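Counting the sequence shown from 1 gives a position; the numbering used here is that position plus 234.
Glycine included, every Cβ here is placed at the ideal spot set by N, Cα and C.
Predicted model only: the values in this text are computed from it and were never measured.
Everything on this sheet refers to the single structure shown next.
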Amino acid sequence: QNGRKTKVLGKDIQYYKEVISTNNQAKFAAQQDAGEGTIIVSEAQTSGRGRLARGWYSPAEKGIWFSVILRPHFLPQEAPKCTLLAAVAIVKAIETITEIQVGIKWPNDILYNKLKLVGILTEMNAEMDCINYIIIGMGINVNIQKNEFPLELQHIATSLAIIKGKKISRVQLLNEILFQIETLYNIAQAEGFVKILEEWKKYSVTLGKTVDVIGINDTFAGLAMDIDADGALLVKTKAGIKRVLAGDVSIRAK
Ligand code: ADP
């Protein structure tokens, strides 16, 4: 890959024309001892995944559908913050390459004008207090045209090409994303996530908004006040402040 600016991330790249999902493929690779920083990239995913078994539309050659394998030294409880780290990295990379300013919707989406541009799915394998691997999967809508999206996504999704009115280089953007992730990941490993959470807050479009929190068993409304040191969302409700973890819920801004 030309133009790589990283030491570890993307040192090994597994490139595919088509996979079921890059996160699945990364899991196989990680179980076969793929090293830290290995990247799985595919031109298309036949069954890309969001959270809670939702699908991610990943048409051939129109997006950046990829996963990163990390083997960090920090504790398993820190892993959810890798989603926030990836979001900050992608926002910065998009700004650098396209000059488009985007916002982060807690925990795992990047939006432009309320439309979804990027999805992130972090998965972990850990034993006791030791992380074996973390996989961060990212789907970036790059060169999808509006009428190419499935009908049900046309009013909720967008792409960089739609926003800019021209095609964007996927290689250039991917290189910048890898560079930004590596920079933030080195900070996280050396000194923890404090700085990264501060940066995340600057880009958040969730904090300060009234949100509906839609869980598996209950749904409630409240004001998204802050995130705590674990990256959990703090929501002020009539019944007091509720702490919301990323795995369990969807958030709808009102
Ligand atoms: P949520 O934002 O509801 O928590 P996820 O983060 O799990 O959902 O993402 C999956 C959802 O994203 C799908 O249910 C679908 O509505 C939407 N989606 C699927 N593919 C794309 C895409 N390429 N671009 C934007 N949105 C998509």
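{"query": "Closer than 7 angstroms by C-beta to V336: which residues in its own chain qualify, once you throw out the five before and the five after it? Chain order, please.", "result": "V325, I328, I344, L345, Y346, L351"}
{"query": "Indicate whether the contact test is met: 3 or more Cβ pairs, each with one atom in the region 420-428 and one in the region 308-323, closer than 8 angstroms.", "result": "yes"}
{"query": "Please report the straight-line C-alpha distance between L394 and R285, rounded to a whole angstrom.", "result": "22 angstroms"}
{"query": "Please classify P384 as buried or exposed, where buried requires at least 16 other C-beta atoms within 10 Å of its C-beta.", "result": "exposed"}
{"query": "To test your reading of the DSSP string, which unbroken beta strand (DSSP E) runs of 3 or more residues are found completely within the region 272-303?", "result": "273-279"}
{"query": "Excluding the five sequence neighbours on either side, which residues of its own chain have a C-beta within less than 8 angstroms of the C-beta of I331, listed in chain order?", "result": "I402, S403, Q406, L407, E410"}
{"query": "Just to confirm the assignment: which complete beta strand (DSSP E) runs, minimum length 3, are found wholly within the region 383-467?", "result": "444-448, 453-461"}
{"query": "Which whole-angstrom value describes the C-beta separation of I274 and G244, a residue pair presumed to lie in contact below a C-beta threshold of 8 angstroms?", "result": "Not a contact, Cβ separation roughly 11 angstroms."}
{"query": "Can you tell me which residues form a DSSP beta bridge with G371?", "result": "S301, L355"}
{"query": "Alpha carbons only, please: which of V483, N375, K488, I448 is nearest the one belonging to V489?", "result": "The requested residue 489 is not part of the displayed model; the chain covers only 235 to 488."}
{"query": "The ligand ADP and W290: does the residue's C-beta get closer than 7 angstroms to at least one heavy atom of that ligand?", "result": "yes"}
{"query": "Can you determine whether any heavy atom of the ligand ADP sits closer than 7 angstroms to the C-beta of N257, and answer yes or no?", "result": "no"}
{"query": "What first and last residue would you give for the alpha helix (DSSP H) that runs through L318?", "result": "315-332"}
{"query": "With a threshold of 7 angstroms (Cβ to nearest heavy atom), would K398 be considered close to the ligand ADP?", "result": "no"}
{"query": "To the nearest angstrom, report how far apart E295 and I378 are at their CA atoms.", "result": "9 angstroms"}
{"query": "Excluding the 5 residues preceding and the 5 following I338 in the sequence, name in chain order all residues of the same chain whose CB lies nearer than 7 angstroms to its CB.", "result": "A321, V325, I344, W434, Y437, S438, V439"}
{"query": "Check whether the Cβ atoms of Y250 and L387 lie closer than 8 angstroms to each other.", "result": "no"}
{"query": "Could you check whether the region 360-367 touches the region 465-477, counting it as contact only if at least three pairs of C-beta atoms, one from each stretch, sit closer than 8 angstroms?", "result": "no"}
{"query": "Is S484 near the ligand ADP - that is, is its Cβ less than 7 angstroms away from at least one heavy atom of it?", "result": "yes"}
{"query": "Can you tell which of A278, A260, K470, I369 has the C-alpha that lies nearest to the C-alpha of G297?", "result": "A278"}
{"query": "Using only the alpha-carbon positions, how far apart do A323 and N420 sit?", "result": "12 angstroms"}
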